[in-house]
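Engineer: Its first residue numbered 3, the sequence shown is counted upward by one per residue in this note's numbering. Encoded as structure tokens, here's the structure I'll be asking about.
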Amino acid sequence: MKKIIELKNITKSFDGVPVLQNVNLDIYDNEFITLLGPSGCGKTTMLRLIGGFETPDTGEIIFLGNKINDVPPYKRNVNTVFQKYALFPHLNVFENVAFPLREKKLPKAEIEAKVTEMLSLVALKGFENRAVTRLSGGQQQRVAIARALVAHPQVLLLDEPLGALDLKLRKDMQVELKKIQKQTGITFVFVTHDQEEALSMSDTVVVMSEGKIQQIGTPIDIYNEPQNAFVADFIGESNILDGTMLEDYKVSFSGQTFQCLDKDFGKNVPVDVVVRPEDVDIVPVEQGQLTGLVTSVTFMGVHYEIIVDVGGFKWMIQTTDFVDVDERIGIQLEPDAIHIMKKSEYSDLYGDYSSFSNELDELSEAPEEDET
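Quick look at the structure:
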């Protein structure tokens, strides 16, 4: 695939606070790439740098072989769809989409043909004369996308465009955006903090934290082979345990030795062990490689979410099998359920399910203030 955008050693700070730290990223033609991470990780700043709304402190932004650090947004073959769609309330649907073409003073017949094509693409044919103020949120978003695509940019930037939509509409628009990207062949760079959104829509996912790229890969790679504890915790649910890689294909954790599929970590090396909740098998106690006490059971519709105390570590298990609170169960793990990661700065920050967020743990550990 042809490389369209290269970010080389990009750094960016605001008021002396680093937002991006030595970021390197390649973006390819006809790719749906998602920048994924929590608030404040730098993903929107990266998008704004690509769009020309910010300039890097150091590093280079290369577009089709040319450095564009100081090229203004209107001179880049890039368009942006923001979470707030910024439609013109005094113009109807047709004129909102036609606006960038009229700015270029294209012939009337060409404008009509291009706008009609775009409205058909976003399933708004017949809405040409509708006031945008009378449209639903999803319809307004389609108008914004059509307006951004009508001049056929090489890259479309989307900054959390689904954030204001309700759940069912979000899912519909996820499917629509992916379909539009494939039909147009335009590179989409999508920003979100929603893991499910990133996994379901993207060709490539870029996971970010604290201004750094933590991992780049396909959705399947990111989910099945996280590179560190942050990625494992942020992408879906994960049990993350301290372990020791005894030798190739053999790891020790929770006081037991397990066969796994990983190698080349060395012998007797400390590692992080990831086990996804859906990969844990519940068996009778006498058949379990590990045993534990069920502390909570939550019905989630298609499965039960079970918390099990195994030697003080709270495991999450997702299963269609019902067990009861205070029941003692056995846990069985197949080799392909166990994923090994190198220790990192995020080790020991994530792991068990005593709570579902670090914030609750931090509050419980906070020192009491003296009353005055």
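For every residue, glycine included, the Cβ atom is placed at its ideal position computed from N, Cα and C. Please read these numbers as outputs of a predicted model, since none were measured by experiment.
Taking the C-alpha atoms as reference points, what is the distance between residue 236 and residue 197?
Structural biologist: Between residue 236 and residue 197, the C-alpha separation is close to 8 Å.
Engineer: Are there 16 or more other CB atoms within 10 angstroms of the CB of residue 222, so buried, or fewer, so exposed?
Structural biologist: Counting Cβ neighbours within 10 Å, residue 222 comes out exposed, since fewer than 16 surround it.
Engineer: Which residue's Cα is closest to the Cα of residue 303: 309, 320, 297?
Structural biologist: Nearest option by C-alpha distance: 320.
Engineer: Measuring straight from C-alpha to C-alpha, what distance separates residue 139 and residue 150?
Structural biologist: Roughly 17 Å between the two C-alpha positions.
Engineer: Short check: CB of residue 96 to CB of residue 117, under 8 Å?
Structural biologist: Yes. Within cutoff.
Engineer: In chain order, what residues of the same chain lie with their CB nearer than 8 Å to the CB of residue 99, ignoring the 5 residues before and after it?
Structural biologist: Here the set comprises 117, 120, 121, 145, 148, 149, 152.
Engineer: Do residue 333 and residue 284 come within 8 Å of each other at the CB atom, strictly closer than that value?
Structural biologist: Yes. Within cutoff.
Engineer: Mind reading off the beta-carbon distance from residue 291 to residue 260? Whole number of angstroms is fine, and I expect it under 8 Å.
Structural biologist: Indeed they touch by this definition, with Cβ atoms about 7 Å apart.
Engineer: Output yes or no for whether 8 Å exceeds the beta carbon distance between residue 276 and residue 299.
Structural biologist: In this structure, residue 299 does not lie closer than 8 Å to residue 276 by Cβ.
Engineer: Considering residue 101, what are the terminal residues of the alpha helix (DSSP H) in which it resides?
Structural biologist: 95 to 105 is the extent of the alpha helix (DSSP H) around residue 101.
Engineer: Work out the CA separation of residue 53 and residue 78 for me, nearest whole Å.
Structural biologist: Straight-line Cα distance between these residues: approximately 7 Å.
Engineer: Within the same chain, show all residues whose beta-carbon is closer than 8 Å to that of residue 127, passing over the 5 residues directly before and after it, in chain order.
Structural biologist: Within the same chain, residue 127 has close Cβ partners 118, 121.
Engineer: Quick check on DSSP: helix, strand or coil for residue 41?
Structural biologist: Coil at residue 41, not helix or strand.
Engineer: Leaving aside the five residues before and after residue 71 along the sequence, list all residues of the same chain whose C-beta is less than 7 Å from its C-beta, in chain order.
Structural biologist: Around residue 71: 57, 58, 62, 63.
Engineer: Residue 345 and residue 273 - do their beta-carbons sit closer together than 8 Å?
Structural biologist: A contact, by the Cβ cut-off of 8 Å.
Engineer: Using only the alpha-carbon positions, how far apart do residue 203 and residue 252 sit?
Structural biologist: In a straight line, the C-alpha of residue 203 is about 35 Å away from that of residue 252.
Engineer: When you compare only the Cα positions, how much space is there between residue 175 and residue 86?
Structural biologist: Using only the alpha carbons, I get a separation of about 15 Å.
Engineer: Check whether the Cβ atoms of residue 200 and residue 38 sit closer than 8 Å, and answer yes or no.
Structural biologist: Yes, Cβ-Cβ distance for residue 200 and residue 38 is below 8 Å.
Engineer: Counting only the same chain and skipping the five closest in sequence on each side, list residues whose C-beta sits under 6 Å from that of residue 322.
Structural biologist: Cβ neighbours of residue 322 beyond the five flanking positions: 305.
Engineer: When the Cα of residue 249 is compared with those of 265, 318, 106, 104, which residue comes out closest?
Structural biologist: Selected option, being the one with the closest Cα: 265.
Engineer: Which of helix, strand or coil does DSSP assign to residue 76?
Structural biologist: Here residue 76 sits in helix by DSSP.
Engineer: Taking buried to mean at least 16 other C-beta atoms within 10 Å of its own C-beta, is residue 14 buried or exposed?
Structural biologist: Residue 14 should be labelled buried.
Engineer: Figure out for me which residue from 109, 157, 172, 92 has the closest Cα to the Cα of residue 134.
Structural biologist: With distances taken between Cα atoms, residue 134 lies closest to 92.
Engineer: To the nearest angstrom, how far is the alpha carbon of residue 41 from that of residue 193?
Structural biologist: Using only the alpha carbons, I get a separation of about 11 Å.
Engineer: Considering only residues of the same chain and omitting the five flanking positions on each side of residue 207, which have a CB-CB separation below 6 Å?
Structural biologist: The answer, listed in chain order, is 36, 38, 200, 221, 224.
Engineer: Determine whether the beta carbon atoms of residue 213 and residue 51 lie at a separation below 8 Å.
Structural biologist: For residue 213 and residue 51, no; Cβs fall outside 8 Å.
Engineer: Who are the near neighbours of residue 258 in its chain, counting only those whose CB is closer than 7 Å to its CB and skipping five residues on each side?
Structural biologist: Within the same chain, residue 258 has close Cβ partners 291, 292.
Engineer: Find the nearest neighbour of residue 215 within the set 43, 108, 19, judged by alpha-carbon distance.
Structural biologist: With distances taken between Cα atoms, residue 215 lies closest to 43.
Engineer: Alpha carbon to alpha carbon, how far is residue 17 from residue 256?
Structural biologist: The straight-line gap from Cα to Cα measures roughly 45 Å.
Engineer: By DSSP, does residue 330 sit in helix, in strand, or in coil?
Structural biologist: In this structure, residue 330 counts as strand in the three-state DSSP scheme.
Engineer: Return the CA-CA distance between residue 103 and residue 113, expressed in angstroms with no decimal places.
Structural biologist: Their backbone Cα atoms lie some 6 Å apart in a straight line.
Engineer: Is it the case that the Cβ atoms of residue 4 and residue 30 are separated by a distance below 8 Å?
Structural biologist: Their beta carbons are under 8 Å apart, which means residue 4 touches residue 30 by this criterion.
Engineer: Among 88, 231, 342, which has the Cα closest to the Cα of residue 239?
Structural biologist: Cα-wise, what sits closest to residue 239 is 231.
Engineer: Cα separation between residue 349 and residue 262?
Structural biologist: If I take the Cα positions, the gap works out to 20 Å.
Engineer: Output needed for residue 218: all residues of its chain with C-beta closer than 8 Å, excluding positions within five of it in sequence on either side, in chain order.
Structural biologist: For residue 218, where only same-chain residues beyond five positions count, the Cβ hits under 8 Å are 27, 206, 207, 208, 209.
Engineer: Report all residues from its chain with a CB closer than 6 Å to the CB of residue 160; omit the five preceding and five following residues, and keep chain order.
Structural biologist: Cβ within range, chain order: 83, 192.
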